[in-house]
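Working notes, structure below.
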Amino acid sequence: MCLGVTARVVKIDGKKADVEFDGVIQTISIAMTPEVKIGEYVMLHAGFAISIIDQQQAEETIEIFMEIKKMMEEEKRHERG
Amino acid sequence: MNEADLAQWFINEIKKCKRPLVFMEVCGTHTMTISRYGLRSVLPDNIRLLSGPGCPVCVTATRDIDMGIAFARIPGLILTTFGDMIRVPGSNSSLLRERVNGRDVRVVYSILEALEIARQNPSRQVVFYSVGFETTAPSTAFGIMEAKTANLKNFSVICIHKTLPNALRVLLDSGEIGINGFLLPGHVSAIIGVRAYDFLAKEYSIGGAVAGFEPNDILSAILTLIRQQQSGPMIENEYRRVVKEAGNEAALKAMQLVFRPCDSEWRGIGVIPGSGLMINADWQEYDALQRFQVDVGEPVEHKGCACGEILRGVKLPDECTMFGTVCTPENPLGPCMVSGEGSCAAYYRYR
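Respectively, the protein sequence lines represent chains A and B.
So the first sequence is residues 713 to 793, counted in my numbering.
So the second sequence is residues 47 to 397, counted in my numbering.
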């Protein structure tokens, strides 16, 4: 029920916006995220954007994953050594 | 690095923990992710994952299902609701059965569609039967505000929304299950924020991790909960790309404007004080319960159905005698088998 999908805002018209998800354009409400800008990604639930996706945080998550990768490689090297 | 490597790393780290630990997830979408990706089978035996009351459809009381059915029977009325709701059996019918019998029951994806149906049918009453946790409740608040702005006279809402924090409190107070940590719901938290769960750590010494919905989000949150067994319980946000510390201000404001807290009946748990939302007096012209009088008798629960115990985490789905025999997704007897997010349906589909 609380399922959400990530969609990209392509047009804003007052409290409504067109978002693109999986190649399909859908009109949604941005009443909960009035500060959203064109090009940003939102979490879409039941016709409403419930959150603007924080690209910086998303990238930091990737960075954390990269750090883990480094640790893994070091562990492997250690095992071989 | 690819997702599979990362998952393997998380699993290896998790396996270093030898203590028996029980973590509960309280979000139907987490239940689905865990079952779909077979996460239980890759975890060591000492780490147990329990599903709590995280599926709004499943925790809706039989009495409230019966009420929706009574509304569907009002002549000329159009009843709209989310797809998950229509197959849930009430005492002796379901919304789907009512539709087969000629009642006008329509599935919508959003309250915005229900508003559109009201605009297109000005001579008919359109009622939106609304369930869901804090993820969904603000959309109902905004929908009601939009109905007022548009001066829609034929639109109202049956508000069955529930809020999560007090339900966690009641689960812990019951003492039925020992829990070492909570996987906290990502999208509920996008609305209510992270600090709403601080009482878990402060009052119950149980930590939590707000988690997203990818397999690695779940594994990473499990690892966080394991590490908290050493570092001490706290509420951590592992889904920062979507969940802000303070939640969604505009959504919380709208909910405060249109709703007020009320006691609410949860299937399998009973009435939980302050765990429901009802429409404020200022907005009561949009409250279907004020607009219509319906007669609902005492609900009849299905004998042998263990949904109640399953929702409290006391039993696993396959410990119910009806599971997979007389109760299947094709012919569900209990709500946990109806909704795709129900523990039983998730167990059944991916076992």
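From the three backbone atoms N, C-alpha and C, an ideal C-beta is built for every residue, glycine too.
The model shown is predicted, which means the values in this text are computed figures rather than measured ones.
Buried versus exposed call for residue i [16 or more other C-beta atoms within 10 Å across all chains shown]
i, result
"B:T371", "exposed"
"A:E771", "exposed"
"B:K208", "buried"
"B:T270", "buried"
"B:G388", "buried"
"B:V154", "buried"
"B:E14", "Because residue 14 of chain B is not part of the residues shown, which for chain B are 47 to 397, the question remains open."
"B:S277", "exposed"
"B:D263", "buried"
"B:P404", "Any question about residue 404 of chain B goes unanswered here, given that chain B covers just 47 to 397."
"B:Q274", "buried"
"B:H233", "buried"
"B:I204", "buried"
"A:P746", "exposed"
"B:Q166", "exposed"
"B:T367", "exposed"
"B:E376", "exposed"
"B:A196", "exposed"
"B:D130", "buried"
"B:G350", "exposed"
"A:E786", "exposed"
Which listed residue (the options) has its alpha carbon closest to that of residue i
i, options, result
"B:I237", "A:V754, A:A729 and A:S763", "A:S763"
"B:T108", "B:N92, B:P375 and B:R133", "B:R133"
"B:M191", "B:S266, B:L210 and B:I157", "B:I157"
"B:Y250", "B:I225, B:P168 and B:E331", "B:I225"
"B:N326", "B:E347, B:G314 and B:M301", "B:M301"
"B:R149", "B:A53, B:I124 and B:G354", "B:I124"
"B:L67", "B:T106, B:C382, B:A193 and B:I272", "B:I272"
"B:A247", "B:F228, B:I111 and B:M280", "B:M280"
"B:E344", "B:G314, B:D112, B:E331 and B:S235", "B:D112"
"A:L715", "B:T75, B:Q171 and B:K361", "B:T75"
"B:F128", "B:S385, B:L335, B:V72 and B:Q275", "B:S385"
"B:N58", "B:Q274, B:P363 and B:I268", "B:I268"
"B:L198", "B:A352, B:D333, B:L96 and B:G136", "B:D333"
"B:S97", "B:S321, B:N377, B:R358 and B:E365", "B:R358"
"B:A193", "B:V216, B:V88 and B:A164", "B:A164"
"A:S741", "B:N92, B:Q330, B:F188 and B:Q336", "B:F188"
"B:T77", "B:L89, B:R65, B:L95 and B:Q330", "B:L95"
"B:L425", "B:F174, B:C353, B:T195 and B:S185", "Because chain B spans 47 through 397 in this model, residue 425 of chain B falls outside it and cannot be assessed."
"B:E49", "B:S266, B:K361, B:Q171 and B:I356", "B:S266"
"B:A292", "B:V151, B:N92, B:N212 and B:D244", "B:D244"
"B:S169", "B:G122, B:M368, B:E295 and B:A213", "B:G122"
"B:W317", "B:E144, B:A53, B:V151 and B:V216", "Sequence check: residue 317 of chain B is Val here, not Trp. When each option's Cα is compared against that of B:V317, the closest is B:V216."
"B:A352", "B:V88, B:C390 and B:A242", "B:C390"
"B:C104", "B:G354, B:C373, B:F369 and B:W329", "B:G354"
"B:P211", "B:G380, B:T186 and B:G239", "B:G239"
"B:N92", "B:I60, B:P102 and B:T79", "B:I60"
"B:L362", "B:C382, B:P378, B:P90 and B:H348", "B:C382"
"A:K782", "B:M324, B:L323, B:D328 and B:D51", "B:D51"
Opposing strand residues paired with residue i [DSSP bridges]
i, result
"A:M755", "A:T718 and A:S763"
"B:W312", "B:T106 and B:G316"
"B:K208", "B:G322"
"B:R170", "Per DSSP, none; premise fails for B:R170."
"B:D150", "B:I124"
"B:Y175", "B:T127 and B:I204"
"B:E282", "B:A255"
"A:V731", "A:V721 and A:Q738"
"B:F188", "DSSP output for B:F188 lists no bridge partner at all."
"B:P307", "B:L323"
"B:E71", "B:S97 and B:L229"
"B:C373", "B:F369"
"B:D333", "B:V203"
Rounded distance between the beta-carbons of residue j and residue i, thought under 8 Å
i, j, result
"B:F117", "B:L161", "Not really, about 17 Å apart at Cβ, beyond 8 Å."
"B:P231", "B:V72", "6 Å"
"B:G178", "A:M755", "With 8 Å as the limit, B:G178 and A:M755 do not qualify as a contact, their Cβ atoms being about 15 Å apart."
"B:D364", "B:Y396", "Wrong, their Cβ atoms sit about 12 Å apart, outside the cutoff."
"B:G136", "B:I120", "That belief does not hold up - the Cβ atoms of B:G136 and B:I120 are roughly 16 Å apart, past 8 Å."
"B:F228", "B:F69", "7 Å"
"A:E721", "A:V748", "Reading the sequence as shown, one finds Val at residue 721 of chain A and not Glu. The pair is a contact, with the Cβ atoms about 6 Å apart (cut-off 8 Å)."
"B:A255", "B:E282", "5 Å"
"A:M744", "A:A761", "6 Å"
"A:T739", "A:K728", "6 Å"
Q: Report yes or no: do the region 84 to 91 of chain B and the region 277 to 294 of chain B share at least 3 C-beta pairs separated by less than 8 Å?
A: no
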